[in-house]
Amino acid sequence: MSPDYDKEKVEALEAELECLQKENEALGLMFETMSRKYIMLHQAYLRQKSNKRQRLEVPAAGGSKASQVFVKTDPRDQSLIVQDGFQWRKYGQKVTKDNPSPRAYFKCFMAPGCPVKKKVQRCVEDKSIIVATYEGQHNHDVDSTAAGKSLSASCSSAIFSGTRSIPFPPLDNPFRPTITLDLTLSGSDLQNHRNLPSLMHDYSTSNDDGNNKKKKIEDYVAFLTKDPNFTLALAAAVARSIKTEHPKPSPP
DNA sequence: CGATTTTGACCGGCGC
DNA sequence: GCGCCGGTCAAAATCG
Numbered sequence: 001m002s003p004d005y006d007k008e009k010v011e012a013l014e015a016e017l018e019c020l021q022k023e024n025e026a027l028g029l030m031f032e033t034m035s036r037k038y039i040m041l042h043q044a045y046l047r048q049k050s051n052k053r054q055r056l057e058v059p060a061a062g063g064s065k066a067s068q069v070f071v072k073t074d075p076r077d078q079s080l081i082v083q084d085g086f087q088w089r090k091y092g093q094k095v096t097k098d099n100p101s102p103r104a105y106f107k108c109f110m111a112p113g114c115p116v117k118k119k120v121q122r123c124v125e126d127k128s129i130i131v132a133t134y135e136g137q138h139n140h141d142v143d144s145t146a147a148g149k150s151l152s153a154s155c156s157s158a159i160f161s162g163t164r165s166i167p168f169p170p171l172d173n174p175f176r177p178t179i180t181l182d183l184t185l186s187g188s189d190l191q192n193h194r195n196l197p198s199l200m201h202d203y204s205t206s207n208d209d210g211n212n213k214k215k216k217i218e219d220y221v222a223f224l225t226k227d228p229n230f231t232l233a234l235a236a237a238v239a240r241s242i243k244t245e246h247p248k249p250s251p252p
């Protein structure tokens, strides 16, 4: 072990450390932005829920359920396409009063008679976020190849499911939707992602006001993990990825 | 030329 | 009862 070798090694490690710190800082900022957006959307959702149509909260016979999925997209992309593994046919578009962005109406036509509909509209607060509202239950299985493609080819990522109730019970239900719970944030390199707690620890200790930020992040994580809908969506996403890795052979 | 999307018209529910 | 608004229909337009 020569001193030169050690020095070189130390320099390399320092460079790597600096690189990681910058990366952590950027990811931390993105995480904070995302958490703000989530809180904003959650509050808007709660406001709407409490202000409008309270009588509709009485569940219909058979339980008509709706779930919302928030999808982060490229703001330049004006299309209202949410790749979720199902085939949808657009049957209408409307501009609603509370949102200048048009709302598109889709029906599932993967199977004849499938009653599922979805409404897709850009978030009024952040036009890079698409809100997809699903209604009904599919009477057929999801097209796993399309779902797989949608995960790899789409530049969008569903950041969370703001569900009042998820119409497709996760894991054991073959009719569940492809709710992609992607907390990695669009545009970031998958290879660069370490596990979140250590990432947050590095980030929080590398800043002067680290304690404050750390507390914010911990609060947010606690908030998310307490939300049963988040847990359900997370479980669905994990199940989805397992299914994609080990696809069951399709019948001839 | 068939499939799909667009878009204006129509319908029904809800609040005033 | 009337008007507003969201959701759906269906003819026209567009696409492959």
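Residue numbers for the first sequence follow full-length UniProt numbering, beginning at 1 and rising by one.
Glycine included, each C-beta is placed from N, C-alpha and C at the ideal position.
The model shown is predicted, which means the values in this text are computed figures rather than measured ones.
ask   = When burial is assigned at 16 or more other CB atoms within 10 Å of the CB, is G113 buried or exposed?
value = exposed
ask   = From this set, S101, P102, K118, which residue's C-alpha is nearest F109's C-alpha?
value = K118
query = Buried or exposed: L13, going by 16 or more other Cβ atoms within 10 Å of its Cβ?
reply = So L13 counts as exposed.
key: Selected residue, minimal CA-CA separation from V120, among Q137, H138, R89, A111   = R89
request  = Give me the Cβ distance between V71 and A132, rounded to the nearest whole Å; I'm assuming they're in contact under 8 Å.
outcome  = 6 Å
ask   = Just reading off the beta strand (DSSP E) that L106 is part of, what are its end residues?
value = The residue asked about is misnamed: residue 106 is Phe in this sequence, not Leu. Per DSSP, F106 belongs to the beta strand (DSSP E) from 102-108.
request  = To the nearest angstrom, report how far apart V69 and L27 are at their CA atoms.
outcome  = Spanning the two alpha carbons is a distance of roughly 23 Å.
key: Member of L20, C19, F106, T33 whose CA lies at the smallest distance from the CA of I129   = T33
Outcome for V116 when other beta-carbon atoms lying within 10 angstroms are tallied against a minimum of 16 = By the 10 Å Cβ count, V116 comes out buried.
request  = For L17, count neighbouring Cβ atoms within 10 angstroms of its own Cβ and tell me buried if that reaches 16, exposed if not.
outcome  = It is exposed - the Cβ of L17 has fewer than 16 other Cβ atoms within 10 Å.
ask   = If you follow the beta strand (DSSP E) that G92 is part of, which residue opens it and which one closes it?
value = 88-95
inquiry  = Less than 7 Å between the beta carbons of K97 and R103, yes or no?
reply    = No, they are not a contact pair.
query = In chain order, what residues of the same chain have a beta carbon less than 8 Å from the beta carbon of H140, not counting five sequence neighbours either side?
reply = M110, A111, C114, F175
query = Quick one: what does DSSP say E8 is sitting in, helix, strand or coil?
reply = helix
request  = Spatial neighbours of P100 within its chain, please: CB distance less than 8 Å, with the 5 preceding and 5 following residues excluded, ordered by chain position.
outcome  = The answer, listed in chain order, is V124.
DSSP beta-bridge partners of A132 = V69, V120
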